[in-house]
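Take a look at the structure set out below.
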Amino acid sequence: IYVKLRQREKSKFRKLVSTNEAIYGEITNIVNLCSQYASGAVLEDGEWFYIDKAKSQAYASDVLLHDFESVDFDSLERKEFGKIDFLFVCSEKNIFFQNISKARLVTKKSIVRFGENYEYKSDQQEIVINDLPDAIYVSSEDRLYFRRLASITSIFKGIDQLYREATNEEVDSFLKNDFISLQNNYCVSSVKTANRKRIALAKKTLEELNDVDQKKIFDYIGEYCPDLKTDKEAFKIGTEDEMKMLLFGIEQRFYSTLVGGEKRLANSVIPLQVSAD
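Under this note's numbering, the letters of the sequence shown match residues 352 to 628, in that order.
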């Protein structure tokens, strides 16, 4: 088990402890269901996201690029305990990661058992290990598994760009599009975090569409959100909810049931991996 420290020096990794006991168990027992990561997607209980070609990603941690041996690093010193950023467990070429928040670094009074005896410690230092890791890197697949993007942003610097907020400049540019008619003094400062993330996705989606496909998208939005339409082929946006519906439309979240034709909104979307016959 190793830890990475919060410090500027090059030597940031420390050996914590070695054990023959399986800390997290077999990967097949942990990751039963998984889906390729899609921005804004919501997992069901027990599911994991994955990202392929993890080593070559810009946000790949240095940990993925090393072949760790216990002799490579100094042991963690007592004075360094409060600097721990995250821990990682190397097991059979796989790496299990856990983010260590300050709440997980516990120093407290304890009675500790040593063999048949007990000993009082006034400043016992502990790290609470979760039942499940925050991320798993499987080297044979070059694949990174995780459940929550927010829990691994401090481990993989820059991975939050997969689902980032649009900047004020990007929001302002988006609101100036011809297909938007602003109402009720709706402006950049009106756009909150959730819609800023959706705008970042929508801008990317629109950039990848030609004029014909963009018109199809706008017609599709008008069909499902007729109250947003104006007489000038634009959409009235005066509230956060109206902005949300427009952005959902750009991401094609609306659909009708095959039987009954009921119009519905998909809360999140994960692309299906369809194998060829």
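Cβ atoms here follow ideal geometry from the backbone N, Cα and C, with glycine treated the same way.
Distance between residue j and residue i (C-alpha atoms, nearest Å)
{"i": "Phe605", "j": "Leu384", "result": "26 Å"}
{"i": "Glu579", "j": "Leu616", "result": "According to the sequence shown, residue 579 is Leu rather than Glu. Near 16 Å, if we compare the C-alpha coordinates of Leu616 and Leu579."}
{"i": "Ile633", "j": "Ile550", "result": "Residue 633 falls outside the range modelled here, since the chain spans only 352 to 628, and no answer is possible."}
{"i": "Glu431", "j": "Val393", "result": "37 Å"}
{"i": "Leu433", "j": "Phe447", "result": "Going by the sequence as given, residue 433 is Gly instead of Leu. For Gly433 and Phe447, the distance between alpha carbons rounds to 21 Å."}
{"i": "Ser442", "j": "Asp562", "result": "51 Å"}
{"i": "Glu520", "j": "Lys543", "result": "14 Å"}
{"i": "Phe569", "j": "Leu416", "result": "45 Å"}
{"i": "Ala409", "j": "Lys508", "result": "9 Å"}
Endpoints, beta strand (DSSP E) assigned at residue i
{"i": "Lys614", "result": "614 to 616"}
{"i": "Gln476", "result": "468 to 478"}
{"i": "Ile531", "result": "531 to 533"}
{"i": "Leu598", "result": "Here Leu598 belongs to no beta strand (DSSP E); instead the alpha helix (DSSP H) covers 591 to 601."}
Limits of the alpha helix (DSSP H) - the one that residue i falls within
{"i": "Ser524", "result": "519 to 526"}
{"i": "Arg547", "result": "544 to 558"}
{"i": "Tyr571", "result": "562 to 575"}
{"i": "Asn380", "result": "378 to 381"}
CA nearest to the CA of residue i, picked from the options
{"i": "Asp474", "options": "Glu467, Lys460, Asp482", "result": "Lys460"}
{"i": "Ala389", "options": "Asp562, Lys355, Asp564, Leu513", "result": "Leu513"}
{"i": "Glu395", "options": "Lys587, Lys404, Val382", "result": "Val382"}
{"i": "Lys548", "options": "Phe424, Glu602, Pro622", "result": "Glu602"}
{"i": "Leu597", "options": "Ala501, Cys576, Glu584, Ser607", "result": "Cys576"}
{"i": "Leu495", "options": "Lys444, Ala486, Ser541", "result": "Ala486"}
{"i": "Thr622", "options": "Asp523, Tyr401, Leu557", "result": "Here residue 622 is Pro; the residue named in the question, Thr, does not match the sequence. Residue Tyr401 is the option with its Cα nearest to Pro622."}
{"i": "Asp582", "options": "Ser541, Glu613, Ile531, Val489", "result": "Ile531"}
{"i": "Lys366", "options": "Tyr353, Asp482, Ser505", "result": "Tyr353"}
{"i": "Ser505", "options": "Leu552, Glu377, Asp436, Phe525", "result": "Asp436"}
{"i": "Lys554", "options": "Gly573, Glu574, Lys527, Ser541", "result": "Lys527"}
{"i": "Glu593", "options": "Ala545, Arg359, Gly612, Leu557", "result": "Ala545"}
{"i": "Ile378", "options": "Asn618, Phe586, Glu492, Leu557", "result": "Glu492"}
Cβ neighbour criterion (16 or more within 10 Å) applied to residue i
{"i": "Gln310", "result": "Because the chain spans 352 through 628 in this model, residue 310 falls outside it and cannot be assessed."}
{"i": "Tyr471", "result": "exposed"}
{"i": "Gly376", "result": "exposed"}
{"i": "Lys355", "result": "buried"}
{"i": "Tyr469", "result": "exposed"}
Handout entry: Meets three-Cβ-pair contact criterion under 8 Å: the stretch 527 to 540 and the stretch 421 to 438
Key = no
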